Amino acid sequence: QVQLVESGGGLVQAGGSLRLSCAASGSIGSINPMGWYRQAPGKERELVAGITSGGSTNYADSVKGRFTISRDNAKNTVYLQMNSLKPEDTAAYYCYIMVLRRYWGQGTQVTVFL
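Okay, so the sequence shown: first residue is 7 according to our numbering, each after it adds one.
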């Protein structure tokens, strides 16, 4: 079994920053791909950023240049640094890890106001 615990969401004014963290535990084995999705009300869940076991990253076009994904393999933790936040970034953010299949965190809410 794999568990993911997220933290760092909250309420922030447009232009501000937040840092999300997601710690994985359980039957993880080797270093695995991890990342973040988000889902706004009435919209489908979308990929925000991913990071491979080797450290390669990919981002949604909407967050490129503003968000940075990173990982600490020793802590089995992935981070999402979010800068220059916009109201359209408001969503529930879910981290994931790939261990034979995708496991999800419980989600953390990010709300950006003007």
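Here a beta-carbon is modelled for each residue, glycine too, at the ideal position from N, C-alpha and C. Treat the numbers as computed from the prediction; the structure is a model and nothing was measured.
Where residue i sits in the DSSP three-state scheme
{"i": "Ala-80", "result": "helix"}
{"i": "Ser-68", "result": "helix"}
{"i": "Glu-50", "result": "coil"}
8 angstroms Cβ shell around residue i - same chain, five flanking residues per side excluded
{"i": "Gln-7", "result": "Gly-32, Ser-33"}
Own chain, CB closer than 6 angstroms to residue i, minus 5 neighbours either side, in chain order
{"i": "Asp-95", "result": "Val-118"}
{"i": "Gly-111", "result": "Leu-10, Glu-12, Cys-28, Tyr-100, Cys-101"}
Opening and closing residue of the beta strand (DSSP E) in which residue i lies
{"i": "Thr-117", "result": "114-119"}
{"i": "Gln-9", "result": "8-13"}
{"i": "Ser-31", "result": "24-32"}
{"i": "Ile-103", "result": "97-105"}
Inter-stretch contact at 8 angstroms, needing at least 3 Cβ pairs: the region 63-76 / the region 106-119: no
The region 26-36 / the region 74-82 touching (three or more Cβ pairs under 8 angstroms): yes
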